[in-house]
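Number of protein chains: 2
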Amino acid sequence: MSSTNPPKVDVPVLKDLNIDNITDNVKLINGQCPDPRLKYVLERLTQHLHDFARETRLSHEEWMTGLQFLTKVGQTCTDVRQEFILLSDIFGLSLLVDSIDHPKPPPSTEGTVLGPFHSHEAEPQTNGSTISHDPDGEPCLVLCTLKNTAGEPVEGVKIDIWETDSHGFYDVQYPGREGPDQRAVMTSDAQGVFWFKAIVPVPYPIPHDGPVGQLLKKLKRHWYRPAHVHFMFEKEGYDHLITALYLRGDPYETSDAVFGVKDSLLIDLGTVTPEQAKQYGMKEGSRLISYDFVLVSKEESDRLREKNATEAMQKLGRNMKMYNGLPVPDVD
Amino acid sequence: MSSTNPPKVDVPVLKDLNIDNITDNVKLINGQCPDPRLKYVLERLTQHLHDFARETRLSHEEWMTGLQFLTKVGQTCTDVRQEFILLSDIFGLSLLVDSIDHPKPPPSTEGTVLGPFHSHEAEPQTNGSTISHDPDGEPCLVLCTLKNTAGEPVEGVKIDIWETDSHGFYDVQYPGREGPDQRAVMTSDAQGVFWFKAIVPVPYPIPHDGPVGQLLKKLKRHWYRPAHVHFMFEKEGYDHLITALYLRGDPYETSDAVFGVKDSLLIDLGTVTPEQAKQYGMKEGSRLISYDFVLVSKEESDRLREKNATEAMQKLGRNMKMYNGLPVPDVD
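Chain order of the listed sequences is G and U.
The first sequence begins at 8 in this note's numbering and counts up by one.
The second sequence begins at 8 in this note's numbering and counts up by one.
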């Protein structure tokens, strides 16, 4: 683009911007955005970003430190590491967004943080498969059912499962790994059942050799997550469910570095009975996780999300309407 | 760090976090931070980040889009390109932070955005040097004085100067460049004078081949800056001044993509008189920029910054005290 042939300028007039008028001016010029939702999101982002700077009297040095920090966060990301998700996690933003976007009315299973270690490499497995091949892990039978809110089994749900090995690391954290492990994609059967052989989950540190770890250190926060297994459920007509089961009594049960623990997702480790040992091909006395998941329909979740959004907007005193299920200013 | 030997947990108890209580819980756990300033900055950041998500009802998809955008911004940064500064610039944050941190009481010269193209490569030059070697540029004599607010000349100020070539590009934007050009570091003489030979600045597009450019396109914003020359002034005892001179009448004078233009920084291009031509070794009738900069003392600027901060905190109804010149909660 040549600087000698500049395009026509037909935008709001800006000039002489200062602490008090810069925010309105930025909103004004961003107000040209044709997408009403993006326009609203950026309008609120600008307001909060500027209010943050004004309320803290942010210094040039702090601003530069912040930008350099964010640069490092971006540059720490790779195909198998997402440091920005981790940053969002440790600020509670991930948990908040999941709570807003996927409200789970009782009796449906609550959601929790996705975390930075979901991958798309997991291989399809059938009921009864062994998904962890770590010889140091404590074998654990996992028996689950999947129902809708009316108590009926849900067949054909795609279930993504992932956990760490016994050392607290996901497969993708090993540079020399041969392929996926401690991961599977399964499908619920006609009875809504899925089951597999895994290992007892262990508490583990989130990656702390990058900028997020340095920040946690500065804040005197530990970087541990309590032991858990991740689950993600997907089926047309049902609200997407990202959740996890946590072991009750874990030393980090009440101080999860990423704020993921919920009471309803805490489980007690059981023991495989003689009958189960025979039926599922496990040693008697082995560890057992069993859980009955309940999926809410997309329709019911959408309705609740929009109801929550409408109430929140009323509380804020804003005149809004829904646009693709999300609020935008009602300017008509 | 072995997961079998977890450190002692001695932190506030968190559990069952939801839309309404997550913010307080994140603040609680970050409240362990021993640095009162970092603690306050992150407390406000958490509040605004969460309020932003609640007020927009941010969806999981939008959250992911945002994090992927920030990741790209970080990964676009190199030794000679700072895409996060550019992002801050187009959101008016850079201008806001400069206004907060470097208040310039009259008659001192106002500051403006640093921009992403300052480099530390510029070579020291003496008065009269030619700082641009672009044969296509229109030669321009630049005559400046530097005074304090009492009207006295200020000697020995380090002055960093940078502008684009006639095509609107900074030296660092050319991958095959041989060394710095259109840049200099000069020093004011005993009369507070500094002068050099440059080229008439031209309007130019900010880098728009990265994520920031893509965002501007989505917002239907242009990416041009009006013609300007950057100046940075540094001397012990004076407030750091980052500023620029803009050509009045530029097509982008009232729509600068990074909100930098201020009335007091607009100049009219003059013409080199016969006397000046002789004195400064320029062709008669050449273009001329002349400006008298006024530096405020660090003491006066610090005092004004603290006064502004104190007033802003009072307006917010917060009980604060100053800590290294910046506000923190007064909890004693």
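In this text, a Cβ means the ideal position worked out from N, Cα and C, and glycines have one as well.
* Using the DSSP secondary-structure output, state which residues sit across from F201(G) in a beta bridge. => The partner list for F201(G) (beta bridge, DSSP) reads C151(G).
* the stretch 298–330 of chain U: which residues have C-beta closer than 7 Å to a C-beta of chain G, in chain order? -> Listed in sequence order: A316, A319 and L323.
* Please work out which residues of its chain come closer than 6 Å, Cβ to Cβ, to M193(U), disregarding the five sequence neighbours upstream and downstream, and give them in chain order. => Excluding residues within five positions, the ones whose Cβ falls inside 6 Å are Q132, I166 and F201.
* Backbone CA spacing between G332(G) and D309(G) [nearest angstrom] -> One alpha carbon belongs to G332(G), the other to D309(G), and they sit about 8 Å apart.
* Asked: Taking the DSSP output, what are the residues bridged to D167(U)?
  -> Within the DSSP secondary-structure output, D167(U) pairs in a beta bridge with V192(U) and M239(U).
* Return the CA-CA distance between K341(U) and E241(U), expressed in angstroms with no decimal places. => The structure shown has nothing for residue 341(U), since chain U only spans 8 to 339.
* Go ahead and pull the three-state DSSP assignment for S304(U). => DSSP places S304(U) within a strand segment (E or B) once states are collapsed to three.
* Asked: Taking any Cβ of chain G, which residues in the stretch 86–115 of chain U have a Cβ under 9 Å from it, in chain order?
  -> Listed in chain order, the positions of the stretch 86–115 of chain U with a beta carbon within less than 9 Å of a beta carbon of chain G are Q89, E90, F91, I92, L94, S95, I97, F98, G99, L100, S101, L102, L103, V104, D105, S106, I107, D108, H109 and P110.
* Return helix, strand or coil for G73(U), following the three-state DSSP convention. => Per DSSP, reduced to three states, the secondary structure at G73(U) is helical.
* Within chain U, the residues that C40(G) reaches when beta carbons sit closer than 9 Å -> Neighbours of C40(G) in chain U, taken as residues whose beta carbon is under 9 Å from its own, are K225, L226, K227 and R228 in chain order.
* G81(U) versus S293(U): straight-line alpha-carbon distance, rounded -> G81(U) and S293(U): Cα-Cα distance of roughly 43 Å.
* Please report the Cβ distance between T250(U) and L21(G), rounded to the nearest whole angstrom; I am assuming they are in contact, meaning their Cβ atoms lie under 8 Å. => Incorrect: roughly 18 Å between the Cβ atoms, too far for contact.
* Could I get the ranges of all uninterrupted alpha helix (DSSP H) runs contained in the stretch 292–336 of chain U, with 4 residues as the minimum, in chain order? => The qualifying runs are 305–323.
* **Interface flag, R255(U) vs chain G, CB-CB below 8 Å** => At a cut-off of 8 Å between C-beta atoms, R255(U) does not count as an interface residue with respect to chain G.
* To do: May I have the straight-line CA-CA distance separating D337(U) from N326(U), to the nearest angstrom?
  => Between D337(U) and N326(U), the C-alpha separation is close to 6 Å.
* Asked: Who are the neighbours of W202(U) on chain G, taking C-beta pairs under 9 Å?
  -> Chain G residues near W202(U): none, gap ~26 Å exceeds 9 Å.
* Asked: How should K154(U) be labelled, buried or exposed, when 16 other C-beta atoms within 10 angstroms of its C-beta is the threshold for buried?
  -> K154(U) is buried by the Cβ-count criterion.
* Any heavy atom of the ligand ZN closer than 7 Å to the Cβ of L248(G)? -> Inclusion of the ligand ZN in the displayed structure is not the case, the ligand content being empty and no account of it being possible.
* **Cβ-based burial, Y259(G) [other Cβ within 10 Å; buried from 16]** => Buried.
* Asked: Does DSSP classify G81(G) as helix, strand or coil?
  -> Helix at G81(G).
* Beta-carbon separation (whole angstroms), P170(U) vs A205(U), contact threshold 8 Å -> Here the sequence assigns Glu to residue 170(U), which means Pro is not the residue at that position. Indeed, because the Cβ distance is near 6 Å, the residues count as touching under 8 Å.
* If we call anything under 8 Å between Cβ atoms a contact, is D257(G) one with P233(G)? -> A Cβ-Cβ contact shorter than 8 Å links D257(G) with P233(G).
* Report yes or no: is there a C-beta of chain G within less than 8 Å of the C-beta of L21(U)? => In terms of beta-carbon proximity, L21(U) lines the interface with chain G, with at least one pair separated by less than 8 Å.
* In three-state DSSP terms, what is Y259(U)? -> The DSSP-derived three-state label of Y259(U) is coil.
* To do: Give me the Cα-Cα distance between H140(G) and K290(G), rounded to the nearest whole angstrom.
  => Distance between the alpha carbons of H140(G) and K290(G) is about 16 Å.
* Comparing alpha-carbon positions, which option in T63(G), E117(G) and L49(G) lies nearest N25(U)? -> When each option's Cα is compared against that of N25(U), the closest is E117(G).
* Asked: To the nearest angstrom, how far is it from the Cα of R184(G) to the Cα of Y177(G)?
  -> Each residue's Cα considered, the two are about 10 Å apart.
* How should Y47(U) be labelled, buried or exposed, when 16 other C-beta atoms within 10 angstroms of its C-beta is the threshold for buried? -> Here Y47(U) is buried. Its C-beta has 16 or more other C-beta atoms within 10 Å.
* Asked: Which whole runs of the alpha helix (DSSP H) in the stretch 31–117 of chain U are 4 residues long or more, in chain order?
  -> As far as the stretch 31–117 of chain U is concerned, its whole alpha helix (DSSP H) runs of at least 4 residues are 43–63, 67–83, 90–97 and 100–108.
* Backbone CA spacing between P187(G) and V179(G) [nearest angstrom] -> So the alpha carbons of these two residues sit roughly 8 Å apart.
* Asked: In its own chain, which residues sit with a C-beta less than 6 Å from the C-beta of T152(U), not counting the 5 before and 5 after it?
  -> Spatial neighbours of T152(U) in its own chain (CB-CB distance under 6 Å, excluding positions within 5 residues in sequence) are listed in chain order as G199, V200 and D299.
* Asked: Alpha carbon to alpha carbon, how far is V265(G) from I213(G)?
  -> Computed Cα separation, rounded: 9 Å.
* With burial defined as no fewer than 16 other Cβ atoms inside 10 Å of the residue's Cβ, what is the status of L148(G): buried or exposed? -> Its Cβ being crowded by 16 or more others within 10 Å, L148(G) is buried.
* Asked: In chain U, which residues lie with their C-beta within 7 Å of the C-beta of I213(G)?
  -> Ordered by position in chain U, no residue passes the 7 Å Cβ test against I213(G), which lies about 11 Å from the chain.
* Where does A234(U) fall in DSSP's three states? -> Coil, per DSSP.
* Asked: Does the distance from the C-beta atom of S195(U) to that of V161(U) stay below 8 Å?
  -> Against a cut-off of 8 Å, the Cβ pair of V161(U) and S195(U) comes out as a contact.
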